[in-house]
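Colleague:
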Amino acid sequence: MNLEKLREAWKKEEQVFRGWDFSYLDGRWESAPLPWDYKEIVLKYLKPDSKLLDMGTGGGEFLLSLGHPHSLTSVTEAYPPNVELCKKNLAPLGIRVRQIFDDREIPYDTDEFDLVINRHESFDAREVRRVLKNGGYFITQQVGGKNNNDLSEKIIEGFEPGQDHDLKSNTKLLEEAGFKIIFSDESFPKLKFFDIGALVYLAKIIEWEFPGFSVDSCFDNLCKLEKELNEKGFISCTEHRFVIVALNRKY
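This is the structure:
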């Protein structure tokens, strides 16, 4: 395929943008498994009578897979399209849905929840502690600050990694807020792309990891990656994930 046809094909991927629909990339990428199972961890601490809060629930798919009583379940979500999705799909089930605008202001009462879960959502440790009962648990899995940095450096000229966001800094924040760390782990699994169009699609979705990305501005670097892919069969980069289970101790 000549360069202009490559550019045209990649620009089509750039325009697809289906929100958070990563199923579009099925078969076009492959991520190594994490050494922990987030769902298993959550189910270990989720009791039948627990009052549960899922922070940043997205469309609520993971939450519903837990099978927890809807009357004991609440969610927050910041992204407006997802908020509407939650109101349509979760609220009629009896799940409380609240939009959140500031990590420092979770729109629920003090000492309300037995368990707060959070997958890939920002949080304020002291505010999470406020809404948790004494003896309650906070479980979070986060995308670390080193996520895809090795790929970003290949694509974005002059790329500068952001601030530290890792297991060490987050456990420190939680401990300073009054939590006791029960379990933690960190992993750097490999992610493989089997075509550059898939990479382009991802770079448009998570634009904070690829600042200023566009096919036109990064075309030369994308062509270098295309050559590497043709030689190796894939493009590899390094993800960054960590998980924490923290016990709330108020007195």
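Residue numbers (the working numbering): 33 to 283. All C-beta atoms, glycine included, are put in the ideal place defined by N, C-alpha and C.
1. Need the endpoints of the alpha helix (DSSP H) that Glu-40 sits in, please.
2. According to the neighbour-count rule (16 or more other Cβ atoms, all chains shown, within 10 Å of its Cβ), is Arg-151 buried or exposed?
3. Could you tell me the alpha carbon to alpha carbon distance between Val-232 and Asp-252, rounded to whole angstroms?
4. Provide the residue(s) that pair with Phe-274 in DSSP beta bridges, ordered along the chain.
5. Tell whether a beta-carbon distance below 8 Å holds between Met-87 and Glu-153.
6. Touching or not, the segment 99–109 and the segment 240–251, by the rule of three or more beta carbon pairs under 8 Å?
7. By the 10 Å Cβ neighbour count, where 16 or more other Cβ atoms means buried, how is Ser-184 classified, buried or exposed?
8. Return the bridge partner residues of Ile-149 from the DSSP annotation.
9. Are Phe-155 and Thr-172 closer than 8 Å when you measure CB to CB?
10. Taking C-beta to C-beta, are Arg-39 and Asp-227 nearer than 8 Å?
11. In angstroms, rounded to a whole number, what distance separates the CA positions of Asp-143 and Lys-282?
12. State the Cα-Cα distance for the pair Val-160 and Cys-118, rounded to the nearest angstrom.
13. So, is Trp-42 buried or exposed, given that buried needs 16 or more other C-beta atoms within 10 angstroms?
14. Given Arg-130, which residues of its chain have a CB within under 6 Å of its CB, disregarding the five upstream and five downstream residues?
15. Enumerate, from N- to C-terminal direction, the unbroken beta strand (DSSP E) stretches of 3 or more residues contained entirely within the segment 66–113.
16. Quick one: grab the DSSP three-state call for Leu-199.
17. For Asp-198 and Glu-218, which I take to be in contact (beta-carbon distance under 8 Å), what is that distance rounded to the nearest angstrom?
18. Measuring alpha carbon to alpha carbon, tell me which of Lys-71, Glu-189, Leu-206, Leu-66 ends up nearest Phe-220.
Modeller: For this structure:
1. 35–48
2. buried
3. Roughly 13 Å separates the two Cα atoms.
4. Gln-174, Glu-218
5. Contact annotation: Met-87 and Glu-153 have beta-carbon atoms nearer than 8 Å.
6. no
7. With 16 or more Cβ atoms within 10 Å of its Cβ, Ser-184 is classed as buried.
8. Asp-86, Ile-171
9. yes
10. no
11. 10 Å
12. Between Val-160 and Cys-118, the C-alpha separation is close to 21 Å.
13. buried
14. Thr-108, Pro-139
15. 84–87, 105–109
16. helix
17. With a Cβ gap of about 7 Å, Asp-198 and Glu-218 count as contacting.
18. Ranking Lys-71, Glu-189, Leu-206, Leu-66 by Cα distance to Phe-220 puts Leu-66 first.
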